[in-house]
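Sequence lines, in order, name chains A and B. Going letter by letter, the first sequence gives residues 1 to 165 in the numbering used here. Going letter by letter, the second sequence gives residues 166 to 954 in the numbering used here. Taking it in order: structure first as structure tokens, then the write-up.
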Amino acid sequence: MSATLSLTVNGKAVSASVDPRTLLVEFLRDQMGLTGVHVGCDTAQCGACTVHLDGRAIKACNVLALQAAGASVLTIEGLTNGDGALHRMQAAFRECHALQCGFCTPGMVMSALDLCARHPHADEATIRAQLDGNICRCTGYHNIVKAVKQGAAAMGEGEVRHGGE
Amino acid sequence: MGANEPGLIGQSVLRKEDARFLTGTGQFTDDITLPRQTYAFFLRSPHAHARLRGVDSAKAQAAPGVLGVYTGADLTGVNGLPCGWLITGTDGKPMNEPPHPVLAQGKVRYVGDPVAVVVAESLVQAKDAAELIDVDYDVLPAVVNVVDALKPGAPQVHDEAPGNRCYTWALGDKSAVDAAFARAAHVTKIDIVNNRLIPNAIEPRAANASHNAADDAYTLYVTSQNPHVERLLMTAFVLGLPEHKVRVIAPDVGGGFGSKIYLYPEETALVWASKHVHRPIKWVAERSESFLADAHGRDHVTHAELALDKNGKFLALRVQTTANMGAYLSTFASCIPTILYATLLAGQYTTPAIFCEVTAVFTNTAPVDAYRGAGRPEATYVVERIVHQAAVETGIAQDELRRRNFIRTFPYQTPVALNYDIGDYDACLDEAMRMADVKGFTARKAEAAKRGKLRGLGYASYIEACGLAPSNIAGALGARAGLFEAGEVRVHPTGSVSVFTGSHSHGQGHETTFAQVVAARLGIPLANVDIVHGDTGRVPFGMGTYGSRSLSVGGTAIVKALDKIVAKGRKIAAHLLEAAESDIEFSDGKFSVAGTDRSKTFGEIALTAYVPHNYPLGTLEPGLDETAFYDPTNFTFPAGTHICEVEIDPDTGVVRVERFSACDDFGNIINPMIVEGQVHGGVAQGIGQALMESCVYDRDSGQLLTGSMMDYAMPRADDLPSFQVSTKVTPCTHNPLGAKGCGEAGAIGAPAALMNAVMDAFAARGIVHFDMPASPHRVWSALRAAQPN
């Protein structure tokens, strides 16, 4: 059994046939080839699969692909404009050495953007509390917190939503 | 970056590898899907201990999409997984080394022990088929902790290991220690547990194996910290395949922390099965499988005694440790609680006599092996907890007691085999105390007390032995492998450079740090250097990344290869410039005739080497490509002091880390930004161990109770503070980079510093015994028990 799914992924209209049991993360990785969306756990704890669904950060392992029907999905691959220039939040992560192995990074960046949209002037405590759905085993979060602050400061109001939303 | 390349050393150059990770274009093992890909699912034992009466896979074989179902009985001609280090016991006998089958044979010995592998067109089909496998288990009593395992009548994990003993091993002069205790003015005794941990790199282990029938060759993509070691062990010891017919590629790897060093059953079974199904087979661990079947860390039970004279000088240290090996010996399991533990018990101190006895024990739990620090955090925890307690008992200030015993003359031969080349322990202690504002602590403690909170300050002055190690010494101690590293520098005709290193980067930033070393030495732009790692098909050889060895050993191998490049370049330049080779100087990317303005650039020399029209062909080969192997002459000895300040809420038991200050001596530093990042991460893992992480098996059933990220407390952003870190430098004396290693220090110093802070806070309530983790319930319970309301 399969169903037809139509949605927008990284600004492009997409239509595909999916098994109804398919998770959004499986659809994005296996059918869309967006392997920047990572799977790090099986209990919706680690946040490596975080993407934006209609502008909100969600864990793509916890949503069926069909639940995204008609919606707009933004993944880490959609953040850059294809010219190689990093989004300001990505750049802040690089400048602050906020990534080591890079596996949690896509989810962390997508969560950071959502965080900034909801708390444009977040202090350290707020940033730490808001990132508790994303686990990083490498950095100790020290430089991630720094990067989120720097990225937020670098971004203009409303810039968060660029990239196809 | 091109203007002043020698200045690259010591610069926080941004990482070359970041762009791909930040844009989602990294290539991790699970991101690689091959043509005609199939998928594997491992059926694992639900029991901690059971006899296998039979495994019937007929129904699964016939299930839709299934290409093969294999059990232990099917793996004919496949040997068990080897242990890489032979420990000889105090009885003079080799350790008990029971077989470690790839898939269970006869018995299962821990929850998660792989029993069968199903290969199917899709993962869902493989999982569905696995449910059809009928396994007849005769469930046996299980034993999960070392104390129970050593009791008479305990369930026996292996027939080959009577009493569940793997070995009893000792290091040090027992009679000298006994004599010192007899004349001690004070003896401090301590019982501690080093809690068992589950590594949890965020990328789960994964593998993708394929067999090419045309040339009978295999390719394995695998999440490995050391692909050459993986290949060597798999081909030579387990599968009996020709080494040159197996290519192992460890692409982008999402963290290791030790857990991806080992040769595991899963990738071994996949390589074997790939020839049988004639298709590539992919397996990716679910996080639940990571919890069950990744090698765990720590799990020591220790009694220690420290003898002091009337001035607080340490006279002797006596340590007895029981270490959990789990159900089977993992690749390096046996050397962790011995060679990498007992040898570190001198710490930073002049303790003249040390004796340590270690008993390693089998239990019905996942195999235990190296986890960030590997033996050295356990040693530091023993030494620094007992020094803290001794200071409390003698009334000598924490820093003062440490200073009275610091080693200050180098090289220093410890009574436990190691020879420290250099260090300055006062410098790190001074700086850590300054950062931690120790002077202001009394006021902060008083202020906290007014709010009903308990404050504590804890020190850990740690040492570690890194840069594993001289191969001949390791061999004499039982290592079944060499411990050198290989590097190849390939200069291309146009002067850019590819460097092939046996070290593997899975977060450490080698692609940047190593490139800084190469660009600085050759005087060429950083952008002209690429680092290649993680592929047995491209890299000459490698022992891989663990034990904070990459820069000091792998980096040195590259430097040795660079020396050969420069030596050959000098010969070419002498020919071109019609000068004597001895008159050619090389600096800032130029070969010059000394005392003249005549020179050739590095690029000109490279081009000449590959277009050798005007070239001394009679005496010199064309080309500019050199390989070096480097075997260190000693360990390196990073050391430092970490100071932690905690505040405890006695009403809730919540321990907050208010301040964490680390001053470390890693020798010379190439990229301070990356080094600081390594310290941050290590400290976070150390705080994780001390504050929240703990692997718990049910004592009766042997079930893993902390089997998910909802049950096993991983440190999150809001559990940790920002850290204060700094470094002091005494360059390592025996490698050309003067580097010591920085990857594990945080995880080594932090647990003792944090727990000493907790003990300091507890002192007001009279608590003298408390084990990690200092989780709210345990802290609250300890406070309630000490002072019932």
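Glycine residues also receive a C-beta, built at the ideal position from the N, C-alpha and C atoms.
Subject >> Check whether N10 (chain A) and G107 (chain A) have beta carbons under 8 Å apart >> reply: Not a contact, by the Cβ cut-off of 8 Å.
**OP:** Could you name the residues of the same chain whose beta carbon sits closer than 8 Å to that of F649 (chain B), not counting the 5 residues immediately before and after it, in chain order?
**Re:** S636, M708, V718, A722, F794, Y795, D796, P797, listed in sequence order.
**OP:** Determine the chain B residues that contact F93 (chain A) at a beta-carbon separation under 7 Å, and present them in chain order.
**Re:** In chain order: L187.
Original post:
In angstroms, rounded to a whole number, what distance separates the CA positions of V394 (chain B) and G271 (chain B)?
Top reply: Rounded to the nearest angstrom, the two C-alpha atoms are 29 Å apart.
Subject >> Helix, strand or coil at D883 (chain B) [DSSP, three-state] >> reply: Helix, per DSSP.
**OP:** List the residues of chain B whose Cβ lies closer than 7 Å to the Cβ of F103 (chain A), in chain order.
**Re:** Chain B residues near F103 (chain A): F193, I367, E368, G419, G420.
Original post:
Comparing the C-beta of N10 (chain A) with each C-beta of chain B, is any distance below 8 Å?
Top reply: Among the residues facing chain B, N10 (chain A) is not included, as its CB has no counterpart in that chain under 8 Å away.
**OP:** Taking only beta-carbon positions, decide if R128 (chain A) is within less than 8 Å of chain B.
**Re:** For R128 (chain A), the nearest beta carbon of chain B is closer than 8 Å to its own beta carbon.
Original post:
Going by alpha carbons, who is nearest to H142 (chain A) out of B:F927, B:Q850, B:P938, B:P916?
Top reply: Among B:F927, B:Q850, B:P938, B:P916, the Cα nearest to that of H142 (chain A) belongs to B:Q850.
Subject >> DSSP bridge partner residues for T4 (chain A) (one or two, in chain order) >> reply: Paired residue(s): A:S17.
Original post:
What beta strand (DSSP E) runs, 3 residues minimum, are completely inside the region 643-669 of chain B?
Top reply: As far as the region 643-669 of chain B is concerned, its whole beta strand (DSSP E) runs of at least 3 residues are 650-656, 662-666.
Subject >> Segment limits, beta strand (DSSP E) that includes P279 (chain B) >> reply: Its beta strand (DSSP E) spans residues 279-285.
Original post:
Are the beta-carbon atoms of G667 (chain B) and G652 (chain B) separated by less than 8 Å?
Top reply: Yes, the Cβ-Cβ distance between G667 (chain B) and G652 (chain B) is below 8 Å.
**OP:** Give a yes or no on whether the C-beta atoms belonging to L208 (chain B) and V280 (chain B) are separated by under 8 Å.
**Re:** Yes, these two residues count as a Cβ contact at 8 Å.
**OP:** Would you decide whether H376 (chain B) is buried or exposed? Buried here means 16 or more other CB atoms lie within 10 Å of its CB.
**Re:** H376 (chain B) should be labelled buried.
Original post:
Which chain A residues sit within Cβ distance under 9 Å of S453 (chain B)?
Top reply: In chain order: C41, D42, T43.
Original post:
Taking Cβ to Cβ, would you say L642 (chain B) is nearer than 8 Å to L902 (chain B)?
Top reply: Remark: C-beta atoms of L642 (chain B) and L902 (chain B) do not approach each other more closely than 8 Å.
**OP:** Using beta-carbon positions only, say whether R824 (chain B) and A601 (chain B) come within less than 8 Å of one another.
**Re:** Taking the C-beta atoms as reference points, A601 (chain B) is found nearer than 8 Å to R824 (chain B).
Subject >> Any C-beta of chain A under 8 Å from that of T666 (chain B) >> reply: Not one chain A Cβ lies under 8 Å of T666 (chain B).
**OP:** Pull up the CB-CB distance for T766 (chain B) and G754 (chain B), whole angstroms please, since I reckon it's below 8 Å.
**Re:** Their Cβ separation, rounded to whole angstroms, is 6 Å, which keeps T766 (chain B) and G754 (chain B) in contact under 8 Å.
**OP:** Would you list the residues sitting across from H376 (chain B) in a DSSP beta bridge?
**Re:** Answer is B:Y383, bridged to H376 (chain B).
Original post:
Is the region 523-540 of chain B touching the region 440-455 of chain B in the sense that three or more CB pairs, one from each, lie closer than 8 Å?
Top reply: Not touching, per the Cβ criterion.
Original post:
Which chain A residues sit within Cβ distance under 8 Å of H671 (chain B)?
Top reply: Below the 8 Å Cβ cutoff, chain A contributes C101 as neighbours of H671 (chain B), in chain order.
**OP:** Would you check if the distance between the CB atom of H38 (chain A) and the CB atom of F103 (chain A) is smaller than 8 Å?
**Re:** Against a cut-off of 8 Å, the Cβ pair of F103 (chain A) and H38 (chain A) comes out as a contact.
Original post:
Can you give the Cα-Cα distance for I749 (chain B) and T898 (chain B), rounded to whole angstroms?
Top reply: Spanning the two alpha carbons is a distance of roughly 28 Å.
Subject >> Rounded distance between the beta-carbons of R370 (chain B) and S455 (chain B), thought under 8 Å >> reply: Their Cβ separation, rounded to whole angstroms, is 7 Å, which keeps S455 (chain B) and R370 (chain B) in contact under 8 Å.
Original post:
Within 10 angstroms of its Cβ, does G617 (chain B) collect 16 or more other Cβ (buried), or is it exposed?
Top reply: Around the C-beta of G617 (chain B), fewer than 16 other C-beta atoms lie within 10 Å, and the residue is accordingly described as exposed.
**OP:** Go through its chain and collect everything with a Cβ distance to G318 (chain B)'s Cβ below 8 Å, but skip five positions before and after it.
**Re:** No residues qualify anywhere along the chain.
Original post:
What are the boundary residues of the beta strand (DSSP E) that includes W250 (chain B)?
Top reply: Per DSSP, W250 (chain B) lies in no beta strand (DSSP E) segment and is marked neither H nor E.
Subject >> For L919 (chain B): DSSP bridge partner residues >> reply: Residue pairing by DSSP leaves L919 (chain B) without any beta bridge partner.
Subject >> A634 (chain B) beta carbon less than 8 Å from that of W250 (chain B) >> reply: No, these two residues do not count as a Cβ contact at 8 Å.
Subject >> chain B contact for P20 (chain A) (CB, 8 Å cutoff) >> reply: With respect to chain B, the C-beta atom of P20 (chain A) has no partner C-beta closer than 8 Å.
**OP:** Answer with buried or exposed for P886 (chain B), where buried requires no fewer than 16 other C-beta atoms within 10 angstroms of its C-beta.
**Re:** The residue in question, P886 (chain B), is buried, as its Cβ has 16 or more Cβ neighbours within 10 Å.
Original post:
In its own chain, which residues sit with a C-beta less than 7 Å from the C-beta of P576 (chain B), not counting the 5 before and 5 after it?
Top reply: Within the same chain, N584, Y585, D586 come within 7 Å of P576 (chain B) by CB-CB distance, once the 5 residues on both sides are set aside.
Subject >> Minimum Cβ-Cβ distance from I135 (chain A) to chain B less than 8 Å >> reply: At least one C-beta of chain B is nearer than 8 Å to the C-beta of I135 (chain A).
Subject >> Of the residues B:V308, B:E858, B:E629, B:V923, the one placed nearest K905 (chain B), counting alpha carbons only >> reply: Checked all of B:V308, B:E858, B:E629, B:V923; the closest Cα to K905 (chain B) is B:E629.
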